[in-house]
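A.B. asks:
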Amino acid sequence: MIWFLLLIAVLLLLAVLAEVIWETSFPKVVEVTIPTPKLQRGQELRILQVTDIHNLRWSEGFWQQMQGTKPDLIAMTGDLIDGANIPFDLAFSQIERLKTIAPDVLFVTGNNDWEHKRFDDYLAGLRARGVTLMDNTSMTLATPVGDLQIVGVGDACTHHHDIHQAMQNVTPDERFLLLLSHDPMIIRRGAGLERAADLILSGHTHGGQVRFPLLGAVYAPTQGLFPKYDKGLFQLDETTRLYICSGLGTSRFPIRFLNRAQVTLVKLVGA
Numbered sequence: 001m002i003w004f005l006l007l008i009a010v011l012l013l014l015a016v017l018a019e020v021i022w023e024t025s026f027p028k029v030v031e032v033t034i035p036t037p038k039l040q041r042g043q044e045l046r047i048l049q050v051t052d053i054h055n056l057r058w059s060e061g062f063w064q065q066m067q068g069t070k071p072d073l074i075a076m077t078g079d080l081i082d083g084a085n086i087p088f089d090l091a092f093s094q095i096e097r098l099k100t101i102a103p104d105v106l107f108v109t110g111n112n113d114w115e116h117k118r119f120d121d122y123l124a125g126l127r128a129r130g131v132t133l134m135d136n137t138s139m140t141l142a143t144p145v146g147d148l149q150i151v152g153v154g155d156a157c158t159h160h161h162d163i164h165q166a167m168q169n170v171t172p173d174e175r176f177l178l179l180l181s182h183d184p185m186i187i188r189r190g191a192g193l194e195r196a197a198d199l200i201l202s203g204h205t206h207g208g209q210v211r212f213p214l215l216g217a218v219y220a221p222t223q224g225l226f227p228k229y230d231k232g233l234f235q236l237d238e239t240t241r242l243y244i245c246s247g248l249g250t251s252r253f254p255i256r257f258l259n260r261a262q263v264t265l266v267k268l269v270g271a
C-alpha cells in the first residue's frame, strides 16, 4: 500500500512538472474580440499585443504562429528585457523580426526595462530599429479602418507615468482611443483620465504566474495577494475596457502553472 501511494505521489509530481514546463516554455496565441461602435459593421482591426517577454527565447514554430495572426499593428506593453545587465542582442533580434510581421510596432516601458543600467542605450536601440516609443505621449495612426488614436504612459509601477502629459493633445471623439500601459493599475493612478480610452492594454501581472482553480492568481505585483485585475478582459464602465495579457516570460520564480505563456491578438470589430 505504501509503495502504491508513493507511486501515485511520484506520478502526480511528474504531471505537475510536465504542466509547468508546458505552460512556461510553450507559448500560445490567444484571440480576444472586442466589438465597438467606433468601427463600421464588417470592419476589423487586428492588434497583436506582446508583453513581458523577459528575454524569453521563442521557437520557430511560435514565430510562425505570430506571423499568421497578420496584425495591422503590434502593441508592446513593456518588459521586453528582465532588468539584468546583459547584452540586448536577443531583445533587438526579436524586435527586428516583429517588424517583419507588422511595420508599426509601438512600445511602452515596464518596470524591468527601467531597471537596466544601460536604459538609454536600450531605448536608442529600439528607436534605431523603427520602434515607436509611446511613454507619456500620443499619436494618431492611419489604419485600414481609419484613424486610431493611441496614448501611451510610462511604467506606473516605477512612477514613470504622466497621463496628463500623454493626454494633453488628445480629444476623445468618434475615433477609437487605445491606451497602452504596462501596469494595469493606471486605472488607480490615472486621475480618471484613463477612462477616456475605449480600451486599455496592459501586462505586468503575468496572470499571477501561478494560478489555482476558483482562486485564480495568487499574487500580482502592485496589487498583492489574490488580485482582482490579474488577466483577461474587464469592463470598467460603459465605455472603457481593460485587457491584461499574462505575457510570455517570468520573474523571480521561473515557472507558470495553469497560466500558459501567451501573446494576444486583439480584434476590434465594428458593432
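When you line the sequence shown up against UniProt numbering, it's residues 1 to 271, in that order.
A virtual CB, placed ideally from N, CA and C, is assigned to each residue, including glycine.
The model shown is predicted, which means the values in this text are computed figures rather than measured ones.
(1) Enumerate in chain order the residues of its own chain whose CB-to-CB distance from Leu98 is below 6 Å, with the five nearest sequence positions on each side excluded.
(2) Starting from Gly192 and walking both ways along the alpha helix (DSSP H), at which residues does that stretch end?
(3) Return the Cβ separation of Leu180 and Ile150 in integer angstroms, given the expectation that the two are a contact with Cβ distance under 8 Å.
(4) Near Gln43, what residues of its chain come up, given a Cβ to Cβ distance below 6 Å and the 5 sequence neighbours on each side ignored?
(5) Quick test of your reading: Asn111 and Asp82, contact by CB under 8 Å. State the CB separation rounded to the nearest angstrom.
(6) Out of curiosity, what's the CA-to-CA distance linking Met76 and Arg211?
(7) Residues bridged to Tyr219 by DSSP?
(8) Does the Cβ of Ser202 have 16 or more other Cβ atoms within 10 Å, making it buried, or fewer, making it exposed?
(9) Around the C-beta of Lys231, are 16 or more other C-beta atoms found within 10 angstroms, so that it is buried, or is it exposed?
(10) Beta carbon of Asp155, beta carbon of Thr205: below 8 Å?
(11) Counting along the chain, where does the beta strand (DSSP E) carrying Gly146 start and finish?
(12) Taking the beta strand (DSSP E) that Lys28 belongs to, which residues open and close that run?
(13) Can you pull the DSSP bridge partners for Ser181?
(14) Would you identify the three-state DSSP class for Lys267, choosing helix, strand or coil?
(15) Note down the Cα distance separating Asp198 from Gln235, rounded to an integer number of angstroms.
(16) For Leu14, does the three-state DSSP call read helix, strand or coil?
C.D. replies: Inspection of the coordinates gives the following:
(1) Closer than 6 Å at the Cβ level, and outside the excluded window around Leu98, lie Ile74, Val105.
(2) Neither: Gly192 is in no alpha helix (DSSP H) and is coded neither H nor E.
(3) A Cβ-Cβ distance of about 7 Å is found for the pair Leu180 and Ile150, placing them in contact under the 8 Å criterion.
(4) Once the five neighbours on either side are set aside, the close Cβ partners of Gln43 are Val145, Gly270.
(5) In fact, because the Cβ distance is near 10 Å, the residues do not count as touching under 8 Å.
(6) Distance from the CA atom of Met76 to the CA atom of Arg211, rounded to whole angstroms, is 24 Å.
(7) Within the DSSP secondary-structure output, Tyr219 pairs in a beta bridge with Leu225.
(8) Buried is the call here.
(9) Buried, since its Cβ has 16 or more Cβ neighbours within 10 Å.
(10) No; because the gap between Cβ atoms is not below 8 Å, this pair is not in contact.
(11) For Gly146, the enclosing beta strand (DSSP E) stretches over residues 146-153.
(12) That run of the beta strand (DSSP E) goes 28-41.
(13) According to the DSSP secondary-structure assignment, Ser181 is paired through a beta bridge with Val153.
(14) Note: Lys267 maps to strand in three-state DSSP.
(15) Computed Cα separation, rounded: 10 Å.
(16) Of the three classes helix, strand and coil, the one that applies to Leu14 here is helix, per DSSP.
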